[in-house]
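Quick note, the numbering used here runs 8 ahead of the 1-based positions in the sequence shown. Each residue gets a CB set at the ideal place from its N, CA and C atoms; glycine is no exception.
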Amino acid sequence: MSFSSQGIPGVPDLTHPIELIQFGTQVIQASLLLVFLVLALGVAIALVSFSVRRHQSEQLIFLGEWAVRYSQILQGLQHLTLILVLLVVGFFLCSTLSNRYHHWEQAKVAQVVQSVAGDKLEQIAPQVRYVTQQPFTYTTQVDGKIIKVTDTQEVNRFLALSGSQVLVKLDQNTDVQGRSAIYRADYTADYKVINKLKDINSFFFEAPPPNGYSLLSNYKVERDQTRLEPNNPGEYGFPFRLQPGEETNFRVTYQAQGGSRWVYNTAGQLLSNFRLTAIANFASADFASGIVPHETKVERRSTEFTWIFDDNVSVRNPFGVFTNTNPIRNTGIIPRLLLLAPALFLWWIFLLYWSLPMSLKNVAIAGSIFFACLLTLTYLARFMNAQLAWTMISLILLALTWGLGYNRSASLAAIICTIAGAILPVLGLLVPFSGITLSVAGLLSVIWLAVRHWYGWYNLQPEDSVK
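So this is what it looks like as structure tokens:
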């Protein structure tokens with residue numbers, strides 16, 4: 009089954025060279041614009057200072073005030089620039105990871121789809137065909153007159169099978185190059201035919217091999233222990249004669265490989281005295297098409313399914329055996345989290361700024377730790393539960409965040425900000441109850457800021473500084 013994974017529409021991916029070049033160009037343009045604005049502000053201050061040079065007292069006051077403000081603006085721009093750099097780099101990192109994870113999820117889904125709905129070994133029930141003469145009437149024109157002519161034509165009719173006893177033994181090979189799995193089928197079927205017609209004794213027993221095979225061996229058809237040969241090589245119609253009221257038996261055997269399922273197709277026939285036994289000699293075998301077997305026996309790694317229809321029954325869908333797989337749940341959660349990660353980073357870093365005096369070094373380290381944790385979560389979530397992985401990563405994040413403060417009070421403030429601004433929001437996007445978890449995180453954040461700034465219940469001492 010052909011399946012091409014597609015990325016998330018409109019999301020940049022830095023593994024694509026064209027997007028990487030565009031990103032670099034935009035970064036250079038933004039940097040030049042920022043430098044131009046800072047220089048323009050400095051030139052403006054210099055021009056104002058030159059214009060008031062005759063008034064020494066006013067010039068000193070003006071220059072003193074603007075020098076302090078310009079210094080504060082430059083310091084603020086340093087923090088703003090660092091946050092923007094972390095935000096932009098983090099966004100492109102997360103968007104790239106989101107696309108990579110989306111590709112991985114699609115490939116995983118495609119693999120499961122191929123094993124469930126891809127190629128299959130489909131055995132079609134044999135048919136007993138006979139040819140009979142059927143009258144028909146048509147009109148023609150002779151000598152300018154329209155006359156009605158009665159003639160006969162040959163038409164194909166089919167005789168219902170009087171009994172079917174089918175046994176198929178299935179083995180599975182996994183990790184086959186280019187395929188998820190293949191089945192090896194050992195097929196044996198006995199069919200009973202009774203001629204219930206009065207004037208027909210010439211028939212064709214048509215028993216085609218399974219559809220979808222990549223290898224077919226030891227295919228043979230026997231009638232009453234006598235092997236039959238087709239009239240033409242490559243055809244699977246075997247002529248035979250059977251007098252009215254008589255019965256005969258056919259046996260069809262073969263070994264085949266192919267597909268990742270095995271199903272039996274009745275081709276619209278009514279089944280009577282039918283019994284199909286499928287023995288799957290591998291784990292996770294289950295019945296296909298929702299036709300529940302009458303008997304199921306499990307012995308170690310082998311499962312035996314048996315369908316029994318004593319009276320006439322019509323089965324529209326092919327039924328048989330396939331390899332059951334665990335359902336893929338919660339797809340798209342990690343890509344959504346990665347796309348929202350820059351906003352979560354802003355939430356967390358603002359909480360830290362409003363709670364602690366942050367230096368450029370600490371902001372850079374904190375941002376690097378945050379995105380490194382998300383990178384680790386992205387790859388751990390591929391082979392383990394995402395919530396459990398984030399819980400383990402959160403313990404590391406809390407241990408590292410403790411180092412933001414020199415003493416216990418400042419470190420506890422950083423821990424509270426990390427729980428409310430980083431750990432709970434990320435967890436909220438991983439669990440089913442995202443709204444409740446995000447609401448709790450937001451409430452905890454505003455309660456902490458109110459306690460910290462309004463009520464003075466938690467005040468940092470002057471000596472509480474950051475590294």
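Query: Cβ shell of S292 (< 6 Å), same chain only, five flanking positions each side left out; Result: T331 and N332
Query: Segment contact flag, the segment 408-420 with the segment 386-394, C-beta cutoff 8 Å, min 3 pairs; Result: no
Query: Those residues which DSSP pairs with G276 across a bridge; Result: In DSSP, G276 forms no bridge with anything.
Query: Residues that DSSP places opposite Q131 in a beta bridge; Result: Y272
Query: Alpha-carbon spacing of L346 relative to L95, whole angstroms; Result: 13 Å
Query: Assigned secondary structure, K204 (DSSP; H/G/I helix, E/B strand, else coil); Result: coil
Query: Three or more C-beta pairs below 8 Å linking the segment 235-251 and the segment 199-215; Result: yes
Query: Simplified DSSP state of S210, which is helix, strand or coil; Result: strand
Query: Run of the alpha helix (DSSP H) containing I479, from where it starts to where it stops; Result: This structure cannot speak to residue 479, because the chain is shown only from 9 to 475.
Query: Span separating the alpha-carbon of S280 from that of K116; Result: 42 Å
Query: Inter-stretch contact at 8 Å, needing at least 3 Cβ pairs: the segment 447-464 / the segment 423-430; Result: yes
Query: Reference F379; option with closest CA among L278, F100 and N393; Result: F100
Query: Closest by C-alpha distance to S453, when choosing among F441, A430, L437 and S442; Result: A430
Query: Same chain only: Cβ atoms within 8 Å of S297, ignoring 5 sequence neighbours per side; Result: V271, N325, P326, F327 and G328
Query: Given 8 Å, three or more beta-carbon pairs between the segment 303-314 and the segment 164-179; Result: no
Query: Three-state class that DSSP yields for E243 in the structure shown; Result: coil
Query: Rounded C-alpha distance that separates Y146 from V139; Result: 21 Å
Query: Cβ neighbours of N320 in the same chain (closer than 8 Å, five flanking residues each side left out); Result: L278, L279 and S280
Query: Any beta strand (DSSP E) of 3 or more consecutive residues that is wholly inside the segment 168-197; Result: 171-182
Query: Beta-carbon proximity check, L172 vs A197, cutoff 8 Å; Result: It should be noted that the sequence gives Ser, not Leu, for residue 172. Yes, these two residues count as a Cβ contact at 8 Å.
Query: Those runs of the alpha helix (DSSP H) which lie wholly inside the segment 333-394 and span at least 4 residues; Result: 341-363 and 368-388
Query: Residue from L223, F391 and Q180 with nearest C-alpha to T311; Result: Q180
Query: Rounded straight-line distance, which links the Cα of I299 to that of W456; Result: 59 Å
Query: Cα-Cα separation between I342 and A168, rounded to whole angstroms; Result: 56 Å
Query: Cβ contact check for the segment 217-224 and the segment 233-243: 3 or more pairs under 8 Å; Result: no
Query: Inter-stretch contact at 8 Å, needing at least 3 Cβ pairs: the segment 200-209 / the segment 249-269; Result: yes
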